[in-house]
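Below you'll find the structure, written out as structure tokens, and then a few comments.
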Amino acid sequence: MKMVSAIVKPFKLEEVKEALRVVGIQGMTVTETRGFGRQRGHTEVYRGSEYQVDFVPKVKVDVICDDDQLAQVVDAIMTAARTGKIGDGKIFVLPVEQVYRIRTGEMGPDAL
Amino acid sequence: MKMVSAIVKPFKLEEVKEALRVVGIQGMTVTETRGFGRQRGHTEVYRGSEYQVDFVPKVKVDVICDDDQLAQVVDAIMTAARTGKIGDGKIFVLPVEQVYRIRTGEMGPDAL
Amino acid sequence: MKMVSAIVKPFKLEEVKEALRVVGIQGMTVTETRGFGRQRGHTEVYRGSEYQVDFVPKVKVDVICDDDQLAQVVDAIMTAARTGKIGDGKIFVLPVEQVYRIRTGEMGPDAL
Amino acid sequence: MPEMDTGDTAWILASAALVMFMTPGLALFYGGLVRSKNVLGTIMQSFFALGLVSVLFMMFGYTLAFGTDVGSIIGGLDFAFLRGVGAEPFANAPTIPHNVYMIFQMMFAVITPALITGAVAERMKFKGYVMFLALWSILVYSPVAHWVWGGGWLGFAEGGVAALDFAGGTVVHINAGIAALACIIYMGKRKGYPQEAIRPHNVPMVILGASILWFGWFGFNGGSALGANGLAGTAFVATHLAAAAAILGWLIPEWIQHKAPTTIGAATGAVAGLVAITPAAGFVEPWAAVLIGFAGGLVCYIFVSLKPKLGYDDSLDVVGVHFVGGIVGALLTGVFATLAVNEAGADGLLYGNPGQFMKQLIAVVATVVYSFVASMVILFVTDKLVGVRVSEDDEQMGLDLSQHSETAYTAEGGGTSIHS
Amino acid sequence: MPEMDTGDTAWILASAALVMFMTPGLALFYGGLVRSKNVLGTIMQSFFALGLVSVLFMMFGYTLAFGTDVGSIIGGLDFAFLRGVGAEPFANAPTIPHNVYMIFQMMFAVITPALITGAVAERMKFKGYVMFLALWSILVYSPVAHWVWGGGWLGFAEGGVAALDFAGGTVVHINAGIAALACIIYMGKRKGYPQEAIRPHNVPMVILGASILWFGWFGFNGGSALGANGLAGTAFVATHLAAAAAILGWLIPEWIQHKAPTTIGAATGAVAGLVAITPAAGFVEPWAAVLIGFAGGLVCYIFVSLKPKLGYDDSLDVVGVHFVGGIVGALLTGVFATLAVNEAGADGLLYGNPGQFMKQLIAVVATVVYSFVASMVILFVTDKLVGVRVSEDDEQMGLDLSQHSETAYTAEGGGTSIHS
Amino acid sequence: MPEMDTGDTAWILASAALVMFMTPGLALFYGGLVRSKNVLGTIMQSFFALGLVSVLFMMFGYTLAFGTDVGSIIGGLDFAFLRGVGAEPFANAPTIPHNVYMIFQMMFAVITPALITGAVAERMKFKGYVMFLALWSILVYSPVAHWVWGGGWLGFAEGGVAALDFAGGTVVHINAGIAALACIIYMGKRKGYPQEAIRPHNVPMVILGASILWFGWFGFNGGSALGANGLAGTAFVATHLAAAAAILGWLIPEWIQHKAPTTIGAATGAVAGLVAITPAAGFVEPWAAVLIGFAGGLVCYIFVSLKPKLGYDDSLDVVGVHFVGGIVGALLTGVFATLAVNEAGADGLLYGNPGQFMKQLIAVVATVVYSFVASMVILFVTDKLVGVRVSEDDEQMGLDLSQHSETAYTAEGGGTSIHS
Ligand SMILES: Nc1ncnc2c1ncn2[C@@H]1O[C@H](COP(=O)(O)OP(=O)(O)O)[C@@H](O)[C@H]1O
Ligand SMILES: Nc1ncnc2c1ncn2[C@@H]1O[C@H](COP(=O)(O)OP(=O)(O)O)[C@@H](O)[C@H]1O
Ligand SMILES: Nc1ncnc2c1ncn2[C@@H]1O[C@H](COP(=O)(O)OP(=O)(O)O)[C@@H](O)[C@H]1O
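See the structure below:
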């Protein structure tokens, strides 16, 4: 199994979720994060001074999926989250060794 | 070493922490997240309209542990976090290649 | 590729970010978390009673990097985040199988 | 001739302070309802009105509204820059200093355009807003205030329509509500609306804001008696009861229809009731205030519920609450008003005077037509000159960063000074 | 016979507005102290009281409390639906319009049951709360108010006990405090209490709420002079000094015992001091106000500290602050009251009149017995009919979602409209 | 001789309540501007002043400021513990009860030292603060208040300098502002300043606080007329217009220089304008109030912009706003004051009386010298006895935990009770 961890723009969350649902994903976990990258952050003004703020609000979507769903999942996120502008984010794929469903104790792909 | 990443119901955090302490875990990191799953979220009402809100507040507990603690850790979380109702959450196990303690520079299991 | 996931004290974030930039890291993702560890938390007082609060505010910095940057990245974080006091945090290294840039669809190290 | 009275003066001073406090209250009420990336932009629209409108009202707004009548249409320039507006009383309020009467009126002028901003929240360009605000305040607010209260053709001056508007049902709420509709039509929907749920980011802030509005409304309506007397008591009581009843008027159908009495519903209902009672407060019995408030809550609930079907994006329901609630109030004033409560008022339909209902209708229609047309023209001109809507990128980024270079809520770390 | 006075009227109008503002203040004070999943449910309990109790008080509550006395027990129905409550003064307050006196009283009726909600925060069913609120307001608040202020057996009417209660120590605080105890006993503990630390989710909100309470209390106590005069000044000064001294009365032992003077302690202490001074405000010297306030802070601190040992779950310490603080105040009024401050009052123990202390005790005991028993009966009936406690699942989910289908704080994204 | 007046009394009671509310307003204004780990520590500094300073002022502060003059320097002890401060009027305010005058003054004594705390926010030790607060209140506030308003050498008493200070430009703002500078110099910078951006954690809280300040300032300045009359109207109008104009005075250069009109800028500008108009409010025409306010906003903007260059760490710009704004106001009062507005005042430079400008300057210099030196001595003594600055570890951990054992915002779970 894999963990697909995608960093996306917050206003894209809704579309990403829908796209994942369409490809049959039944679960995901979302975290508010701040990202630093080529997008460069922004300047803020505070009482006559300027500050460079390097972090931009992002949302992280973690999806654990079976190996054979991987391509679909990556694809779904890629399409839904893309605006074509800098800062659209990344998708990371990490190996997952085991999954359990707490409610039932089920393991492996059945637990998803 | 492994990373055990558990998504649990927020009000179970205290019990999960205690259960982990009992099995000898000395550290963990907790993050507020929102989960999407079979639990289906809920309906919210706003000025005469209804919205489907798919995300439910969850807490993610990350524990890095030695391979031989893995079973115990999974077990502890599973027991402490279970209510038997849908949405109890998942436990994911990921491989960890290395761990460092920043304070001392120690590496590997010693750093835990 | 690797994911370097560092749990550090919040007031060290700025220094860690700068240290990473110096070694050529172009991106990272930061999450507010709460940590439990040897640092032991603190006592809070509420209306004449004391509570033991085990979790301490921490910041998680996730950096995905190429294998050959790993040592540098770990080193940079280790130096920047260290105060020498308990609770300085941990660095975890996890394997990453693939990375995509959403904007362009690039894969692998090019996507970083 | 009545003399200056310190008690009356004390109450109108306190009332002016209360009405001023409503504008920040509105800022929080609206600010809590938007997404967190737009909270400062939303708050700023109200807060900035305190700055710009106050100065403009001092220069021209007050005199255009309350200066010597010119053709029943507009006030003359005698009070420009508040010349002669001092400690001596003025005919409209013979027992208090003129400057106290003026500052009380100034607070109304500030909050009225601020009300409009809720309708186009999360998408208006600040530069465009500044221009719209200045023009609307002078070209729409002042004339309408003059018509109703300043000796113009809708009020009680000789030959006037003699419509009843105790504290601003037409001048403030219908006026702002219909201008809000113009803005909505001109500016269009927010991206994502209505498919996505655009949810309020901070509901306690909404309740705090609504509570400040309610608190301040005692000055708004109670102070409109222009003295500390039985009439002020009447208006104060009516105001409170209408707000209270409107909570029930909103929550009952909501509880039945959606199985949930919501906090935002209670707050919105209260505001709807306060809007509805505004024109009536000094003219009706307490039981009538309860009915008007209940009707305000109920009708606004129904109207707001239908909004998704109507397909326009009134972000924070300014039309649904201020326009609809304002009309409910203006018309029911024509039903329930009675000379038994206020000899300086009139009897309504229920007391055998259907003519009053018609007068109310005339005032509503006149305000609606003028304000709608004038607002559209101002929007058009402003749009051509500086633009009224933010770019799509700016809308996504949020008003706080794109219009004001600020972030509302900040966690520690991550920024460096730029030494300029 | 005294005449109507605009200055007195101005001050009571302002005071009524201030007391109204206390209820949202309470909502925030309580709302900040609960967990974020219960903040709206908690706020709603207070805010909804503004709606329901105001309307009920207009219908029956006012007349039961202040209508023509029937057997020293209850008021008659002469003022039902506020019939005859107009611009003319009323015997209780001869220099202000009757409607102004009434609306000032209405605000007390609203906040009193709202105070109770803190005791059973985070677990009361909204439907049960609505029913409890309605019954308690009519069956408990109005009678007790009548006994003390409306011509009943505890007050200064002929043949009455002549207990001193300037602004509601018994009527409001002891009454609500003992009802809170009934609720706690009836409803039991929250899940997880007391092993888990149930921590306040937003302390600045707590301070804001406490500050609004303090601000409003100037109307509560200062307005109870029913005029703008030296007595109002006395009450205002006593109120402020007691709150100030109570901060010290709470923080000093806390600092010694726990090595930490807390912000919540300062706010809670201030409220305890305000509670304690309420019955005494118009009867005591400033130095006595400082002592009463300090005692209020100190005794409440000690009592609240012992709570975990007592083993009951008074979520937000309504018993510890309003009941205990109320008793401290009621009894110390019987010690420190002096005719030198207020001729219409009485001398206390310290001024050679131990009888007054006994009178205070009688008023306390009478209120405690009646309110406790009546509250228990109301709880029992309400529980049988609609239930008073949420299910375990709903408690875990939180009141906001389970009772009101709302979330207090929302990040962007993740919801879709349901087209109904 | 004038008689007691209920209208005047009503307005000063309301004003005292409004001024009291400013201190929590300040707590929120400052609290929102710091990092979230310091919000409670910051709020507590203001809130605690309500407790300690009120009690001290009752004991000694009032009599030192307003007791029978001793050598034009200090008040005698006749009013210690408020002996004799009752319902009878006092010479300074002949139409209201003495206790009402006193409580109005008490609120000024509370907020003045609280203003200072912004300058050394995020690094002051609470124990040291408590001691500093007590000493400063008695040794600095009371004497300076006496000099200007209590019959001392700077005011209108015979042989006095006759400087104009309507509501506290020197006594409150310059006094606090220069003490703030002393604190900054004594205590040094925060760790990380100025390289790191230390950003406000909650901007809506800042706006709420600023709005409460504005609202309360109507009592501060309007109440300083000590009656409900034309002069109160003049001061109220000037106050509002100055705040409004100052929003523009800050935002215009900010918009030009940084391309962004900020919300914090609008709020800070408003406060700067309120500071600047304070000494002038009852002496100037409305148009002059607009100019003074605009100047206050503009000059403070420029000064605050230069701060990073000046290299000291005035955390929340107390020097930049209260000291600089206070001086702008004190001097411009000497320019724009006119007997046409207030016969009890004086003409300024513009009306042919350059001497008044010099008198203003003398008052500024006297206050600056005395307050700076005395503050330094108090800091030194306090530091030796209990310490004034937190340790580096405590600073990193934040004041909330290190000084008060509390956390402002808490998510669910993670704590257990300690059964002590
Ligand atoms: N090496 C990295 N490790 C972790 N997160 C990264 C990394 N690079 C980028 N990110 C995340 O991806 C986001 C987008 O990256 P950025 O470089 O701004 O633009 P783009 O996605 O267009 O390449 C960043 O804000 C950050 O959250
Ligand atoms: N495939 C997945 N990837 C990541 N997180 C998941 C996944 N499936 C479920 N989750 C997380 O687990 C939580 C519980 O899952 P859910 O399907 O609701 O119930 P259950 O745990 O009973 O199967 C979700 O809210 C989500 O946070
Ligand atoms: N086994 C673990 N798994 C996950 N996170 C851990 C673990 N141990 C420690 N941490 C994280 O590291 C932080 C610091 O650890 P701690 O034991 O307090 O001190 P130190 O870093 O000095 O060893 C903790 O607050 C927690 O967030």
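Protein chains in written order, with this note's numbering: chain A, 1 to 112; chain B, 113 to 224; chain C, 225 to 336; chain D, 337 to 756; chain E, 757 to 1176; chain F, 1177 to 1596.
Quick reminder that beta carbons are idealized off the backbone N, C-alpha and C, glycines included.
For clarity, every value in this text was computed on a predicted model and none was experimentally measured.
For residue i and residue j, what's the separation of their Cα atoms in angstroms?
{"i": "L1407(F)", "j": "S560(D)", "result": "21 Å"}
{"i": "P690(D)", "j": "G684(D)", "result": "6 Å"}
{"i": "R146(B)", "j": "S229(C)", "result": "20 Å"}
{"i": "H1349(F)", "j": "V1324(F)", "result": "13 Å"}
{"i": "A1186(F)", "j": "A564(D)", "result": "11 Å"}
{"i": "I1554(F)", "j": "Y1317(F)", "result": "13 Å"}
{"i": "A1587(F)", "j": "H957(E)", "result": "6 Å"}
{"i": "Y745(D)", "j": "V927(E)", "result": "43 Å"}
{"i": "R213(B)", "j": "K284(C)", "result": "14 Å"}
{"i": "H1322(F)", "j": "T1288(F)", "result": "14 Å"}
{"i": "P1017(E)", "j": "F279(C)", "result": "22 Å"}
{"i": "S756(D)", "j": "I1423(F)", "result": "Annotation note: pLDDT 46 at S756(D) (below 50); position unreliable, coordinate value reported separately. The straight-line gap from Cα to Cα measures roughly 23 Å."}
{"i": "P758(E)", "j": "A385(D)", "result": "45 Å"}
{"i": "G1345(F)", "j": "A1339(F)", "result": "11 Å"}
{"i": "I1468(F)", "j": "G1501(F)", "result": "10 Å"}
List the residues that DSSP assigns as beta-bridge partners of residue i.
{"i": "V35(A)", "result": "The sequence given here places Gly at residue 35(A); Val does not occur at that position. DSSP, once it has assigned bridges, lists V56(A), T253(C) as partnering G35(A)."}
{"i": "V99(A)", "result": "F204(B)"}
{"i": "G1251(F)", "result": "D1245(F)"}
{"i": "N958(E)", "result": "Y1585(F)"}
{"i": "A230(C)", "result": "V285(C), I315(C)"}
{"i": "G1171(E)", "result": "V165(B)"}
{"i": "V809(E)", "result": "For V809(E), which the question treats as bridged, DSSP gives no partner whatsoever."}
Q) Taking any heavy atom of ligand 1 as the mark, which residues have a C-beta closer than 7 Å to it, listed down the chain? A) Residues flagged by the Cβ proximity filter: I7(A), T33(A), G35(A), F36(A), G37(A), R38(A), Q39(A), V56(A), K58(A), I86(A), G87(A), D88(A), G89(A), K90(A), I249(C), Q250(C), G251(C), M252(C), T253(C), D286(C), V287(C), I288(C), C289(C), R325(C), I326(C), R327(C), L336(C).
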